[in-house]
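Colleague:
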Amino acid sequence: MNLFPAQPFDIQDIMKIERQSFIPSIQEKQKTFEKRLEVFPQGFLILTDSSEKIVKQNGKALTAGYLCSELWDSMPSLEDSDEIFKRKFVLNHNPAHTHNTNGMYLYVTSFALLRDYRGQGLGEKFFVSSLASICGAFSQIKKVVILVNAEWENALKIYKKVGFTEIHRLKDFFPTLKKISLFKHEMSDGIIMSQNADEFRKINFESNTENPFYGIKL
Ligand SMILES: CC(C)(COP(=O)(O)OP(=O)(O)OC[C@H]1O[C@@H](n2cnc3c(N)ncnc32)[C@H](O)[C@@H]1OP(=O)(O)O)[C@@H](O)C(=O)NCCC(=O)NCCS
11 MNLFPAQPFD IQDIMKIERQ SFIPSIQEKQ KTFEKRLEVF PQGFLILTDS
61 SEKIVKQNGK ALTAGYLCSE LWDSMPSLED SDEIFKRKFV LNHNPAHTHN
111 TNGMYLYVTS FALLRDYRGQ GLGEKFFVSS LASICGAFSQ IKKVVILVNA
161 EWENALKIYK KVGFTEIHRL KDFFPTLKKI SLFKHEMSDG IIMSQNADEF
211 RKINFESNTE NPFYGIKL
């Protein structure tokens with residue numbers, strides 16, 4: 011498995027992972043992903059499977075996961091209301107309005123794997139290597155920030171394991187998988203977590219080249 015910077019031609023593969031990973035009401039739009047790639051390409055990485063078996067089957071390597079992010083100048087303060095937090099973390103926001111290449115906060119906007127690749131420890135490795143790569147390349151980053159649905163247990167396990175702690179809880183932010191009628195979902199909390207970027211700079215990863223964004227091996 012290798013980690014590469016995403017390219018515009020990867021968008022359809024990324025949208026396939028998005029559809030496998032999130033219920034329709036919270037899937038983000040293709041336009042949002044395209045904009046993320048345009049605004050901060052160094053913060054948008056994909057995990058590819060170029061094993062002989064897969065290349066034989068597909069005729070090419072397979073995109074098995076993605077992680078995208080943006081850099082923020084500031085975070086709402088802990089005294090701020092939920093409304094301010096919700097506005098900042100709203101899904102499908104335009105990164106052109108929120109991203110600043112010199113920002114000190116790396117906000118991981120989304121992260122997911124194709125179903126067939128889950129449950130083998132790859133999620134954690136991909137997450138940590140991506141952050142090691144991005145935080146290594148952008149020395150001004152102080153904190154990594156993430157928003158997670160309180161019900162996404164596997165993602166939460168990864169974040170806690172690598173030292174993320176809860177800084178704020180958004181009551182009833184996400185629709186859950188528990189439907190109360192055919193069209194209506196119950197709601198679940200969104201947990202905002204953060205961890206120091208230096209923790210990821212300590213990690214050594216094996217790279218094919220000197221370029222920190224090219225071909226990291228997992
Ligand atoms: C989150 C996600 C990327 C994790 O990928 P993954 O490869 O399954 O994760 P890992 O194999 O590294 O496992 C992470 C933890 O979940 C547990 N886990 C994974 N699959 C599991 C399963 N089917 N049953 C029980 N536990 C499972 C692992 O045991 C591990 O916990 P541990 O360290 O205590 O053992 C993946 O589940 C996914 O794409 N989910 C949908 C999208 C999503 O929730 N994204 C997060 C957005 S914030």
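Numbering (the numbering used here), first residue to last: 11 to 228. The C-beta atom is built at its ideal place from N, Cα and C for all residues, glycine as well.
#1: Does ligand 1 have a heavy atom nearer than 8 Å to the CB of Val158?
#2: Here's the rule: buried if 16 or more other CB atoms are within 10 angstroms of the residue's CB, otherwise exposed. What is Gln205?
#3: Taking the beta strand (DSSP E) that Tyr76 falls in, what are its first and last residues?
#4: Using only the alpha-carbon positions, how far apart do Ile156 and Pro86 sit?
#5: Considering only heavy atoms of ligand 1, does any lie closer than 8 Å to the CB of Phe183?
#6: Below 9 Å between beta carbons: does that hold for Glu164 and Gly133?
#7: What would DSSP say about Arg128, mapped onto helix, strand or coil?
#8: Excluding sequence positions up to five away, which residues of its chain have a Cβ less than 6 Å from the Cβ of Phe174?
#9: Taking DSSP's pairing of strands, which residues face Phe184 in a bridge?
#10: Confirm, please, whether the CB-CB distance from Leu77 to Phe14 is below 9 Å.
Modeller: According to the structure data:
#1: Residue side-chain check: Val158 places its Cβ nearer than 8 Å to a non-hydrogen atom of ligand 1.
#2: So Gln205 counts as buried.
#3: Bounds of the beta strand (DSSP E) holding Tyr76 are Leu72 to Trp82.
#4: Roughly 13 Å between the two C-alpha positions.
#5: No, the Cβ of Phe183 stays beyond 8 Å of every heavy atom of ligand 1.
#6: Residue identity check: residue 164 is Asn in the sequence provided, not Glu. Against a cut-off of 9 Å, the Cβ pair of Gly133 and Asn164 comes out as a contact.
#7: Of the three classes helix, strand and coil, the one that applies to Arg128 here is coil, per DSSP.
#8: Counting only Cβ-Cβ distances below 6 Å, and skipping sequence neighbours, we find Met203 and Gln205.
#9: Bridge partners of Phe184: Ser198.
#10: No, Cβ-Cβ distance for Phe14 and Leu77 is not below 9 Å.
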